[in-house]
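Novice: According to the working numbering, the sequence shown holds residues 38 to 661 in order.
Beta carbons: idealized from backbone N, C-alpha and C, even for Gly.
Just dropping this structure here.
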Amino acid sequence: MIFDPLFSSIHALCQFNGIMRIIFLALKSWCMPLGIVGGCLFLTSCSRQTVTETTEGTEFPKQDVNLPIDESEFATDAVPRQEQPDDWFRDVTPKSGINFRHHSGRDAHHFTMVETFGSGVALFDYDLDGDLDVYCVGGGTISADLKISGIPGRLYENQGDFQFSDVTREAGLETDIDYSHGVAVGDVNSDRYPDLFISCYGRSHLFQNETNGSFRDITFESRLQLDGWHTAAAFADLNRDGHTDLYVAGYLIWKPDLDELCLDPKSGLRDVCMPGKFPDAPDHLFWGQGDGTFLQADSERIGLRKDGKGLGVVIADFDRNHILDIYVANDVVRNHLYLGQNDGTWLESAVVSGVIGNEFGVPEGSMGVHAGDFDRDGWLDLVVTNYEFEENDLYHNEGNGLFSHKTVPLGLSGPCKPYVGFGTLLTDLDMDGWEDLVIINGHVTYRNRKYSYLQPPFLYRNEQGNRFQNVTSSAGPWFSLPHAGRGIAVGDLNNDGAPDLVAVEQDGPVSILQNLNPPENWIGVQLVGDQSCTDLTGTMATVEGVVPELTKAVISGGSYLSHSDQRLLLPLTSPDTDHIDITLTWPDQTRERFSQLNTRQYHLLTKGTGNLIIETISERDDQS
38 MIFDPLFSSI HALCQFNGIM RIIFLALKSW CMPLGIVGGC LFLTSCSRQT VTETTEGTEF
98 PKQDVNLPID ESEFATDAVP RQEQPDDWFR DVTPKSGINF RHHSGRDAHH FTMVETFGSG
158 VALFDYDLDG DLDVYCVGGG TISADLKISG IPGRLYENQG DFQFSDVTRE AGLETDIDYS
218 HGVAVGDVNS DRYPDLFISC YGRSHLFQNE TNGSFRDITF ESRLQLDGWH TAAAFADLNR
278 DGHTDLYVAG YLIWKPDLDE LCLDPKSGLR DVCMPGKFPD APDHLFWGQG DGTFLQADSE
338 RIGLRKDGKG LGVVIADFDR NHILDIYVAN DVVRNHLYLG QNDGTWLESA VVSGVIGNEF
398 GVPEGSMGVH AGDFDRDGWL DLVVTNYEFE ENDLYHNEGN GLFSHKTVPL GLSGPCKPYV
458 GFGTLLTDLD MDGWEDLVII NGHVTYRNRK YSYLQPPFLY RNEQGNRFQN VTSSAGPWFS
518 LPHAGRGIAV GDLNNDGAPD LVAVEQDGPV SILQNLNPPE NWIGVQLVGD QSCTDLTGTM
578 ATVEGVVPEL TKAVISGGSY LSHSDQRLLL PLTSPDTDHI DITLTWPDQT RERFSQLNTR
638 QYHLLTKGTG NLIIETISER DDQS
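The following block contains the structure:
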């Protein structure tokens, strides 16, 4: 145990010093082969990479290793608790008209990895009528001879009052598609209408919004011919040329194999293989040309790594140098933080920045990721969800590209640890000015589990940046049930100023969760760029006259395989305020003030139509 004080001391220094963090990781790698216990043993977690692999020579009782899965594992007899007066959310799915169910192909009993990851959901205004529509990613099927096929997703048009109509066929989206996982939304041809990118196992697809209520598959003509296994994706103008670019995370290099066999080491029965068995698939970055076509970036030249089993992507300006950064949550290997540089490259900084994995620098089975400023200090923080018995990670942004691990001191250690975390959101759900935390969970293996396949979700209220309080018990009946949670997105579905939630389950329904507590006063902004600035990721909105300063940033990606509402929803502390001023800092660093905006409604704010704010050099430096 003599090494414990050493590692504790080094860890404390690592929270603020990148050089010491590297030394810390080196010491860890030195002591592990020597079998030193104490500090070294404590640093190793139960990695997902080794949970379900079998070793050569292991003997099991003679039995049929292909015994069918107990289907009762995937259902629950639990009854949701009764509604209470102080409930935060109500499940309004039954009245919504949305009857979507995800399909994984699990019923073929091939135990493939591709069937375990579920899918995401997108909240976006596809027809620009002022309210959010819902797109659910379909998944796919697996045949007896192991042919993997896709199921088209479903598009639901918002009719108001949480009523939706299935317009998939009319929108041209009931079309052939490969096995689908994720969705990203962005304007690829600079016409203001949002387009859809669907990430798949097989070939991923790009659907262009035709501005008449329909979409067209332009995958081939866009030159986005992306084959393999791809998961999370996000649009943003990463090279600052005015056009929307696309970052796509690769997962594994894997092909269906009827002879592939992985056994649960406890029972000897067949189960899903673990990701450590297969090579990493590289991520890709595509430069948008502004006309719906793309050119693939030279990943090595711009600083992207070839390793990584990516499942989550979020794009934002983490170091406030006015260049967008990229964070990638990887499964069982180190996470990546790409900090944008002035020369058009990205510096991979996860180790030095302190966001490679857990608080001791050990990589985890990371799935979901989101960004937000939970303590309102002006710097965007990160939350990452992980595999069972790995704490979820909350990284506090200390500035200048460095983060400290705050899971334990902020009260997030413990309740979620036994579960497999997927979708997560750092967002202000009670509109008190402090961003709350949602995490949905669900298992991926069929045999080797300490806890059930269906798992509870969690909701944490932010106590003014000092601590997160577990308020799941008062979140509503939906939160009282276990789920096979995967993607989740946030957005104001009825434009009442209260953010609602939409969650997707593996081989289960999509749930529409209405926020029952609209704020007394608020303002929402929908941002519109110009020809030099079509993608608005990185834009900052500041409400003037609020202490501490209330600023919201437009981010891209986040959660798990999903896309959330990119409108900015800002709470106002005074219920009597009828008009406010908002300052917008656009991606090109021009600043405009929009004055005397009416509260309790959304506003369309277009770049170039506000009052331009002229700054001196010293004033601009003070903003950095």
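Report the rounded CA-to-CA distance for L261 versus S241, giving the unit in angstroms.
Specialist: If you take the alpha carbons of L261 and S241, they lie about 8 Å apart.
Novice: Residue range of the alpha helix (DSSP H) that I339 falls in?
Specialist: Element bounds for I339: S336 to I339.
Novice: Are the region 182-189 and the region 206-218 in contact at 8 Å, needing three or more beta carbon pairs?
Specialist: yes
Novice: Can you tell me which of the three DSSP states N445 falls into?
Specialist: At residue 445 the sequence reads Val, which differs from the Asn that was named. V445 falls in the coil class under three-state DSSP.
Novice: Determine the DSSP secondary structure at R143, reduced to helix, strand or coil.
Specialist: helix
Novice: Under the three-state reduction of DSSP, which class applies to G645: helix, strand or coil?
Specialist: coil
Novice: Could you tell me the alpha carbon to alpha carbon distance between D412 and D473, rounded to whole angstroms?
Specialist: 10 Å
Novice: Spatial neighbours of Q633 within its chain, please: C-beta separation below 6 Å, excluding the five flanking residues on both sides.
Specialist: So the list reads H616, once near-sequence residues are dropped.
Novice: Hey, L374 and V350: beta-carbon distance below 8 Å or not?
Specialist: no
Novice: Counting only the same chain and skipping the five closest in sequence on each side, list residues whose C-beta sits under 8 Å from that of N648.
Specialist: Taken in chain order, the residues that qualify are E629, R630, F631 and S632.
Novice: What residue range does the beta strand (DSSP E) around V158 cover?
Specialist: That run of the beta strand (DSSP E) goes V158 to F161.
Novice: Between the Cα of A535 and the Cα atoms of P556, N358 and G479, which residue gives the shortest distance?
Specialist: P556
Novice: Could you pull out every residue in the same chain whose Cβ sits closer than 6 Å to the Cβ of L71, ignoring the five residues on either side in sequence?
Specialist: Here L71 scores only 37 on pLDDT, less than 50, and its place in the model is too uncertain to base an answer on.
Novice: So what does DSSP say about G75, is it helix, strand or coil?
Specialist: Note that G75 has pLDDT 35, beneath the 50 cutoff, so the model's placement of it is unreliable and no number is given.
Novice: For F199, collect the residues of the same chain with a Cβ closer than 8 Å to its Cβ; drop the 5 residues on either side in sequence, then sort them by chain order.
Specialist: V129, K132, S133, L530, N531, I549 and Q551
Novice: Return the chain-ordered list of same chain residues with a C-beta closer than 8 Å to the C-beta of I255, the five sequence neighbours on each side being excluded.
Specialist: For I255, where only same-chain residues beyond five positions count, the Cβ hits under 8 Å are L243, F244, Q245 and G329.
Novice: Quick one: any contact between the region 577-592 and the region 503-510, if contact means 3 or more CB pairs under 8 Å?
Specialist: no
Novice: Over the uninterrupted alpha helix (DSSP H) stretch that includes T130, give me the two end residues.
Specialist: T130 to S133
Novice: With three or more beta-carbon pairs closer than 8 Å as the criterion, would you say the region 469-483 touches the region 410-426?
Specialist: yes
Novice: Which residues bound the beta strand (DSSP E) around A387?
Specialist: From DSSP, A387 is part of no beta strand (DSSP E) but of the alpha helix (DSSP H) over A387 to S390.
Novice: Tell me the DSSP secondary structure of P231 in three-state form.
Specialist: coil
Novice: Compare the C-alpha of G118 against each of F516, S109, T149 and G458 and name the closest.
Specialist: The residue you asked about is not Gly; residue 118 is Arg in the sequence shown. Comparing Cα positions, the closest option is F516.
Novice: How about the region 219-234 and the region 605-624: do they share at least three Cβ pairs that are nearer than 8 Å?
Specialist: Result no; under three Cβ-Cβ pairs closer than 8 Å.
Novice: According to DSSP, simplified to helix, strand and coil, what is P585?
Specialist: coil
Novice: By Cβ distance, which residues of its chain are closer than 7 Å to A518, with the 5 residues on each side in sequence left out?
Specialist: In the sequence as displayed, the identity of residue 518 is Leu instead of Ala. Closer than 7 Å at Cβ, skipping near neighbours: T113, A115 and P117.
Novice: Whose C-alpha, out of D362, I339 and A408, is nearest the C-alpha of D380?
Specialist: I339
Novice: Using the Cβ count rule (16 or more neighbours within 10 Å means buried), how would you classify L160?
Specialist: buried
Novice: Would the beta-carbon of D418 fall within 8 Å of that of H442?
Specialist: no
Novice: When you compare the region 313-327 with the region 277-290, are there three or more beta-carbon pairs, one atom per stretch, that lie closer than 8 Å?
Specialist: The region 313-327 makes contact with the region 277-290, as at least three CB pairs between them are under 8 Å.
Novice: What residue range does the beta strand (DSSP E) around T579 cover?
Specialist: M577 to V580
Novice: Using three-state DSSP, classify S109 as helix, strand or coil.
Specialist: helix
Novice: Please go through the same chain and pick out, in chain order, the residues whose beta-carbon is closer than 7 Å to the beta-carbon of L295, but skip the five residues on each side of it.
Specialist: L183
Novice: Quick check on DSSP: helix, strand or coil for V309?
Specialist: coil
Novice: Between which two residues does the beta strand (DSSP E) carrying E557 extend?
Specialist: Neither: E557 is in no beta strand (DSSP E) and is coded neither H nor E.
Novice: Within 8 Å of any Cβ in chain D, is that where the Cβ of F199 sits?
Specialist: In summary, chain D is missing from the structure at hand, where a single protein chain is found.
Novice: Which whole runs of the beta strand (DSSP E) in the region 510-557 are 3 residues long or more, in chain order?
Specialist: 522-528, 537-542 and 547-552
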